[in-house]
Amino acid sequence: IRELSLDYLERRESQQAVTAFLGALSSSDNSLVRRAAEGLGRLKDPNSVRPLIQALITRHRTKVSSGHPGQLSTGFGTGSGGSGGISFGSGGGPKYIDQPVKNREALEALQAITGVDFQYTPQQWLAWYVDQTTPDLVTLRRSE
Numbered sequence: 001i002r003e004l005s006l007d008y009l010e011r012r013e014s015q016q017a018v019t020a021f022l023g024a025l026s027s028s029d030n031s032l033v034r035r036a037a038e039g040l041g042r043l044k045d046p047n048s049v050r051p052l053i054q055a056l057i058t059r060h061r062t063k064v065s066s067g068h069p070g071q072l073s074t075g076f077g078t079g080s081g082g083s084g085g086i087s088f089g090s091g092g093g094p095k096y097i098d099q100p101v102k103n104r105e106a107l108e109a110l111q112a113i114t115g116v117d118f119q120y121t122p123q124q125w126l127a128w129y130v131d132q133t134t135p136d137l138v139t140l141r142r143s144e
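Residue numbers for the sequence shown, in this note's numbering: 1 to 144.
Spelled out as C-alpha cells, the structure:
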C-alpha cells in the first residue's frame, strides 16, 4: 500500500505531500523519518535537499537495559565506627541513551534528487549545497 501511495503522489507531484514529509523529517520516531525521506526521494523536490541533509544522521533515544529487572542484590560492609551494615537493592530499570542514527533513505533521496553522493558527511553535502544555491557574483562596474 505504501508503494502504491508513493506512486500516486509521484504522478500528482503533490506539494502537500512534500510539506508533510518535510515535517516528518524532524520526528523523534526514526521509522517515520526514514519513511518521509523515502517519500521525498520519490517526489524529487529540490526544496527538500537541505532538510534531507539535516536528516542524514539524526539522534534518537534508544533503550539500553541495565541489570535484570526483578533481580535482587545484597551487600555486607563494616560501615563507619565498626558497626556492620547490610544493603539491599532491586534490579535497575531500563536506561535510555541518545545516539546518532544514519538514515539510508535520506542518503538515497539526496542521491536521487541531486545526482551526487557525499555519503554520510553532512559537511560535504552542505558545502556542495551552498555552492549550488549561491549565485555567482555580478560585477556592477562599468567597463571603460
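The beta carbon of each residue, even a glycine, is placed where N, CA and C say it ideally should be.
- DSSP places R104 in the uninterrupted alpha helix (DSSP H) bounded by R104 to T114.
- Rounded to whole angstroms, the gap between the alpha carbons of A112 and L22 is 16 Å.
- Cβ contact annotation for L9 (same chain, cutoff 8 Å, sequence separation greater than five): A17, G39, R42 and L43, in chain order.
- Within the segment 11–48, the runs of alpha helix (DSSP H) at least 4 residues long that lie entirely inside it are, in chain order, 15–24 and 30–43.
- The beta carbon of E108 lies closer than 6 Å to those of G41 in the same chain, with the five residues before and after it left out.
- For the set V49, A36 and R11, the Cα lying nearest the Cα of V116 is the one of V49.
- Within the same chain, no residue comes within 7 Å of R12 by CB-CB distance, once the 5 residues on both sides are set aside.
- The Cβ neighbour count for R142, taken over all protein chains shown within 10 Å, is under 16; the residue is labelled exposed.
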